[in-house]
Structure formats: C-alpha cells, structure tokens
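These protein sequence lines are chains A and B, in that order. The letter at position 70 of the first sequence is residue 63 when you use my numbering, and the numbering goes up by one with no holes. The letter at position 93 of the second sequence is residue 1315 when you use my numbering, and the numbering goes up by one with no holes. Glycine included, every Cβ here is placed at the ideal spot set by N, Cα and C.
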Amino acid sequence: MATDKPLTKNIEIGRAPFNFKQYEAAGGYESVRKVVTMAPGDVVNLVKDAGLGGRGGAGFNTGLKWSFVPAPDGGPRYLVINGDEMEPGTFKDRLLIEHDPHLLIEGMITTCFALQAQTGYIFLRGEYTVCEERLLSAISEAYENGMLGRNILGSGFDLDIYLHTSAGRYICGEETALINALEGKRANPRAKPPFPQVSGLWGRPTVVNNVETICNIPGIVANGVEWYQGLGLGDFVGTRMSGVSGRVKNPGCWEVPVGITFRQLLEDYAGGMQDGYELKAFLPGGGSTDFLMPEHLDLPMDPGAVQKAGSRLGTSLIMVLDDKTCPVGCIRNLIKFFAHESCGWCTPCRDGLPWTEHMLNKLEEGTGSMKDIEILQEMTTYMGPGNTFCALAPGAAEPLQSGLKYFRDEFEAHVKHGCSYNKH
Amino acid sequence: MNNLIASTAIKARQLTEEEIHEIEHEKTHYPYTQAVGLEALKIVQKYQGWVSDESLLAVSEYLDIAPDELEGVATFFNMIFRRPVGKNVILLCDSVACWMLGCDNLKEHISNTLGVDYGETTKDGLFTLIPVPCLGACDKAPVMMVGRETYTHLSTNKIDQIIAHIRDESPVELDN
Ligand SMILES: Cc1cc2nc3c(=O)[nH]c(=O)nc-3n(C[C@H](O)[C@H](O)[C@H](O)COP(=O)(O)O)c2cc1C
Ligand code: SF4
Ligand code: FES
C-alpha cells in the first residue's frame, strides 16, 4: 500500500538522512523510472488534475503553472527551486531538505522531465549550512547513480542540477527577485508580465517552485491522482507540512492531512498551550498573514476557508500569541523585520515601513498618541495591495491591520501607559 | 564606498589559487559570468573573513564585472561583510518566535559578556555580534548561529558554554 505520508515517510529526527542506496531501497526514484516512459504533457496534466497547490505561500495550482511554459524551441528552459525560507515563523523547507534531500532531487528530476528543462537550480538560503552539505552530497550521489547527467536511465533526457546559496535577503524569496539574484544582480522584483514561465532566467522559460511543492511530485507521479486526493480529509486533497511555534508544549512541524483544523494541530500535535499561558491569537501562516482569534480554531487549515475568515494560510506554520506577550510589541517586531528587508524600490514600502516602525516604537515606549494609531491605520491602506511592486509591503500590513482590528483597546492603552507587559 | 573604489589609491589584490579554483568551479554552473559575482564574493569572504575594497576589485577584474555593479550586489546582501568582522560571527535571531522566547535578554547577556553591541567586534577580534532574521528553527527558539553552526534552545547558561568552548577552541558538543 502506498504511504499516507509522502513528504516525511523517510524522516526520522535524530538519524542521518537516507543516502542514495537507502533511499532507493525505500522505494525512492520510482517516479523517475516511471516518468521517462510518459509523455511530458501527460505529466503536467496529471499534476494539474491532482490539485496540488504551491506551498510557497500563494497556493497556485502547480500543474496549471507548468502548463504556461511554451512548447520547447530548442533553447534552454529552467526549473528553479525556491529554498530561500526566511518568512518569520517558517521552518518547513529546512526540515524537508535536512532530513530527506533525495526527495527534493527526485522531485526536481521528475519535474524537469515534465517541463523538458535540462537545468535545475536550487536557490538555498545561505544560513542553511546543513541543508547545503546534504544537498551537495545527494546531488553527487544522484550523478554517480545515473539519475542526473546525460541520457538518464537510457531515456535520452539530460539534466544538470546546481546548488546556489544566497547571502541573506528576504526579498530574494519573491520569485522574480530570486531570478535577478540568480543572474548575479541586485534582487529587486521584476514587473509581471512577462511571467517567468515565458521569460524568466536569462529571458528563458522558467518555473519557480517552493521546496515542499516539488517534494510532492514523486508521490503524485508514482501513485497517481486518486491516491493523492485520498490523502486529504473529506474534499481536501493531499498532505501539507504544518507546524506551531510560540508558547505551546510541543512546538514542531509535521506532515498532516489537508483539512484538519487549527485546533487539531494546536492540541493534538503541539500539545496545547504551556501551563500558565492562554491562547490570545495566532498568525496562521507566517509573519505576513492576518491574525486569527480563538474563535477561528475550528476552521480547516485550507486556503479557501482561511481566506473567508479574513486571513491567509500562507506557509501553514502557525505562531501563537499568548496572553503574556504584548500584541503591539509582537507587531513591532514583525514590522521591524519587513522594514529592514524592504528592497527600497517603491515608496510606500521603503518609507512606509520605517515610519510604521517608528510609531510602534513610540507606542511601546509610552510616547505615542491617539493620532499615531490613526496614522497606523492609514498605513495599512497606503502599504496595501495595489500600491506596491511586490507583495512584501501588503504582507507586512496584514498583521498590523488585523492587530488594530482585534487589539484596538491594547493599542489605546499604550498611549496612556506605554507597554505594561513584562519585557521579554 | 563607490568613490573610494573609483579613486586610484586602491588596487585589486591578487586572488589566491584556492579562490580562483573555487570561482572557476562556480563558473561551470552558469552560462554567464555575471551570475558568479555573489558566489565569488562569498568565496573571497570565506578565505579572508570579509570583502575588502581590494578583494572586491580583484573579483571585479577577474570576472569582468564593473566595480560599481559588483558593489551594488555586495551591499544588497546582509551576509556579505564589507567591513572586517571577528573570527566568529554570532548571528542572533531577533525575529518573532525568538523574541517571544526572550532573545532580547540573550542579546543583553551577550553584549555584557563580550562588551559589544550589534555590529561590533570584540577587542581580541574573536567575535562579532549581528542580528539575523528568522533562522527557520522557530520550534527550537531562541536560536543563533556562530559561523556555520546553529545553536537552538538557547539560555544564558548555554551561551556561556558556547562562548567558552569557542574561546579555548575545544569542539562544542552541546545537545541541540
Ligand atoms: C517577499 C516575498 C518573499 C517570498 N519568499 C518565499 C520563500 O522564501 N520561499 C518560497 O517558496 N516562496 C516565497 N515567496 C513566494 C514566491 O514568490 C513564489 O510565489 C513561490 O516560490 C512559488 O512557488 P509555489 O508555486 O511552489 O508556491 C515569497 C514571496 C514574496 C512576495
Ligand atoms: S513592495 Fe517593498 S520589497 Fe516589494 S518591490 Fe516594493 S520596495 Fe521592494
Ligand atoms: S524566529 Fe528565530 S528561528 Fe524563527
């Protein structure tokens, strides 16, 4: 019987990841053997029908994204893996790469065949040094065993995979900025259209996918659509890396069926809140998502359901805000990050974020005014969707706007007394 | 900085054999040499500790990338050091999960122990302290890196041990 944990079946925290032989013995590289017998277009359709949504945050149907790549014209085409994971509160791609690097390599080979791309790059966050070492060794093992290089498994298909390690800049995670970074340029985002699938790396067709997205491909190709869809609860499809950080008993990240509720993740997996702490609110999917409240705990962890509640599932790693932590201080910490990481291209982001940070500092220090709260409110529109070149500033505005909505009284109390929480 | 580089006073240094070897290897990964710019800066930094003007010019000449353009890349990335840093760079995560679990206190503790603020280097040249965004280990917060090593579940006590281990160069064998 095929596994019900396709992303983590080989993962055992505390033991070294599988080498090539062990990985293959556990059923690994099966999707490569299968894909080379298929028509590339059929692979794209299979992934489209499976209903896999991108795991980088936006959730776009992966097969559909691939289908926008034009027919081969003899020139180069690229697959680029987005492993720049830097969104505060996000720690899933690191786990997948550190503990099963061959799964990503297998997913890349299968995907490149579907796209008829002969070069794949892994864009990895530079601080992920263990990932770097393990990927380099997995790549060289894959070459030694004929899964990479010329004429893979006698199919006539050639593929090279290279690892690029970055040097610390959140904006590189935005896919067009990432392409500029790979080309050796400053990582400002590019205007879309043209979309990377048509004109990306060095002006050639390029697909950028998240690490976890591509780790799903071997299972889907090897076991088929029906199996994949059966992994989710009810009408939801697949599994998803989901986790919890903050003051819970057992913080961590697990592969869960899509469709479980936030409460199940928080209580069954993360063990509930630590003794003496209560859940006040939570960010459902990283630092650039709107707060949700305890009354939302019974929502399924599904992009559509979360959107209806006024937030985004984002990276599906939830961060709990407890009752002993200041919401204004928490938002200030997030805004400080976004202000620092703005690439400086557009005014609402370059100027709006430092200004927002300044006002939050004033509130924390007890020198803020009611007028500052009004300005903060205006900032959420000024930095909101439609006013900037990329989604960094609108993302930064999300925890702020929902914080102002849910914790208005606490913002106002800061005007009178400054921060009355214990310092962390 | 650009003016400084443009001035005639500063000359490219000679790249070492090891540096050239590694840069040449990176070149085989990309169809255009401009793409190797950041990798080359990282290689230089690995051997020299930081990227001096002389190093930047050397890479610029070697890869035929305009100095201004390469400088634009160097200054864009947080982890390219254009000033000298200590032998061990401490990257303390100051993002939200670590903040909730007390990284501000740890920062105070490190500052008091080593006598440095963010961005500063100890007098003996052993440590530079720098804040870093979320290190992707939030479930094990608070977190920091020293060089290429990641340390999790930090406490003031654990930080003292790490610093002591690095000072006397004995291997650090801490349970993460
Ligand atoms: C500021 C910013 C940072 C991002 N960082 C990442 C990241 O670190 N990893 C990632 O996979 N996607 C990130 N994204 C989303 C990517 O732009 C892109 O949507 C994603 O890599 C597509 O892959 P997917 O379709 O597999 O989800 C970021 C987007 C923005 C606007
Ligand atoms: S929104 Fe911010 S990060 Fe995005 S392009 Fe504009 S300035 Fe750069
Ligand atoms: S917030 Fe520190 S590791 Fe994520």
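Length of the line joining the Cα atoms of residue i and residue j
i, j, result
"LEU394(A)", "THR254(A)", "One point to set straight first is that residue 394(A) is Gln, not Leu, in the sequence displayed. Between GLN394(A) and THR254(A), the C-alpha separation is close to 24 Å."
"ILE164(A)", "GLN1236(B)", "33 Å"
"SER1317(B)", "PHE331(A)", "10 Å"
"ARG1370(B)", "ARG118(A)", "12 Å"
"THR1372(B)", "PRO63(A)", "42 Å"
"VAL237(A)", "GLY1259(B)", "38 Å"
"PRO186(A)", "GLY193(A)", "10 Å"
"ALA174(A)", "TYR270(A)", "43 Å"
"MET363(A)", "GLY377(A)", "22 Å"
"VAL25(A)", "ARG240(A)", "42 Å"
"TYR375(A)", "PHE284(A)", "19 Å"
"GLU367(A)", "THR103(A)", "52 Å"
"ASP268(A)", "LYS242(A)", "8 Å"
"ILE213(A)", "ALA131(A)", "21 Å"
"PHE61(A)", "THR199(A)", "10 Å"
"LEU1292(B)", "PRO347(A)", "27 Å"
"SER413(A)", "VAL321(A)", "11 Å"
"GLU126(A)", "GLU120(A)", "12 Å"
"ALA1234(B)", "ASP35(A)", "54 Å"
Partner residues on chain A for residue i, Cβ-Cβ distance less than 8 Å
i, result
"GLY1358(B)", "GLU78, MET79, THR83, PHE84, ASP86, ARG87, ARG118, GLU120, TYR121"
"TYR1254(B)", "GLU176, GLY177, TRP195"
"ILE1302(B)", "ALA160"
Residue i: contacting residues in chain B (beta-carbon distance under 9 Å)
i, result
"ARG240(A)", "MET1322, LEU1323"
"ARG8(A)", "Residues of chain B passing the Cβ test: none, with the nearest at roughly 15 Å."
"LEU346(A)", "The premise fails here: LEU346(A) is roughly 14 Å from chain B at the closest Cβ pair, so nothing lies under 9 Å."
"TRP338(A)", "Correct list: empty, because the minimum Cβ distance to chain B is about 12 Å."
"GLY280(A)", "SER1317, VAL1318, CYS1356"
Contacts of residue i in chain A (Cβ-Cβ under 7 Å)
i, result
"GLN1270(B)", "None at all; the shortest Cβ gap to chain A is about 15 Å."
"LYS1309(B)", "The premise fails here: LYS1309(B) is roughly 17 Å from chain A at the closest Cβ pair, so nothing lies under 7 Å."
Chain A within 7 Å of residue i, Cβ atoms only
i, result
"HIS1247(B)", "no"
"SER1433(B)", "Residue 1433(B) is absent from the model: chain B starts at 1223 and stops at 1398."
"SER1317(B)", "yes"
"VAL1295(B)", "yes"
"PRO1355(B)", "yes"
"PHE1404(B)", "Residue 1404(B) falls outside the range modelled here, since chain B spans only 1223 to 1398, and no answer is possible."
"ASP1339(B)", "no"
"ILE1381(B)", "no"
"ARG1370(B)", "yes"
"MET1366(B)", "no"
"PHE1299(B)", "yes"
"GLY1259(B)", "yes"
"GLN1243(B)", "The sequence as given places His at residue 1243(B); Gln does not occur at that position. No, because no Cβ of chain A sits closer than 7 Å to the Cβ of HIS1243(B)."
"ASP1361(B)", "yes"
"HIS1331(B)", "no"
"HIS1375(B)", "no"
Partner residues on chain B for residue i, Cβ-Cβ distance less than 7 Å
i, result
"GLU188(A)", "Note on identity: in this sequence residue 188(A) is Phe, with Glu being the wrong assignment. Result: empty, since nearest Cβ-Cβ is about 21 Å, beyond 7 Å."
"MET31(A)", "Within 7 Å Cβ-Cβ: nothing; MET31(A) doesn't reach chain B, min ~29 Å."
7 Å Cβ cutoff, residue i in contact with chain B
i, result
"LEU327(A)", "yes"
"THR206(A)", "no"
"PHE330(A)", "yes"
"GLU176(A)", "yes"
"ARG343(A)", "no"
"GLY418(A)", "With chain A covering only -6 through 417, there is no way to say anything about residue 418(A)."
"THR318(A)", "yes"
"TYR155(A)", "yes"
Chain-ordered neighbours of residue i on chain B, where CB pairs are closer than 8 Å
i, result
"ALA131(A)", "Here the premise fails: no neighbours, minimum Cβ distance about 16 Å."
Would you call the segment 1297 to 1313 of chain B and the segment 1260 to 1273 of chain B in contact, with 3 or more CB pairs under 8 Å?
yes
Counting beta carbon pairs with one atom in the segment 119 to 137 of chain A and one in the segment 8 to 15 of chain A, are three or more of them shorter than 8 Å?
yes
Counting pairs of Cβ atoms below 8 Å between the segment 179 to 187 of chain A and the segment 323 to 340 of chain A, do you hit three or more?
yes
Can you list the residues near ligand 2, meaning Cβ strictly closer than 6 Å to any non-hydrogen atom, in the order they appear in the chain?
ILE164(A), PRO182(A), SER335(A), CYS336(A), GLY337(A), TRP338(A), CYS339(A), CYS342(A), ARG343(A), THR381(A), PHE382(A), CYS383(A), LEU385(A), ALA386(A)
Hey, is the segment 378 to 386 of chain A in contact with the segment 315 to 327 of chain A, meaning 3+ C-beta pairs nearer than 8 Å?
no
Within the chosen definition, does the segment 143 to 157 of chain A reach the segment 1281 to 1290 of chain B through at least 3 CB pairs nearer than 8 Å?
no
Would you be able to state if there are at least three C-beta pairs under 8 Å between the segment 284 to 304 of chain A and the segment 1341 to 1349 of chain B?
no
Three or more C-beta pairs closer than 8 Å, one from the segment 205 to 223 of chain A and one from the segment 248 to 264 of chain A: is that the case here?
no
Are three or more beta carbon pairs between the segment 200 to 208 of chain A and the segment 37 to 51 of chain A nearer than 8 Å?
yes
At least 3 beta-carbon pairs within less than 8 Å: the segment 1351 to 1364 of chain B vs the segment 75 to 86 of chain A:
yes
Does the pairing of the segment 1 to 10 of chain A with the segment 27 to 34 of chain A give three or more beta-carbon distances under 8 Å?
no
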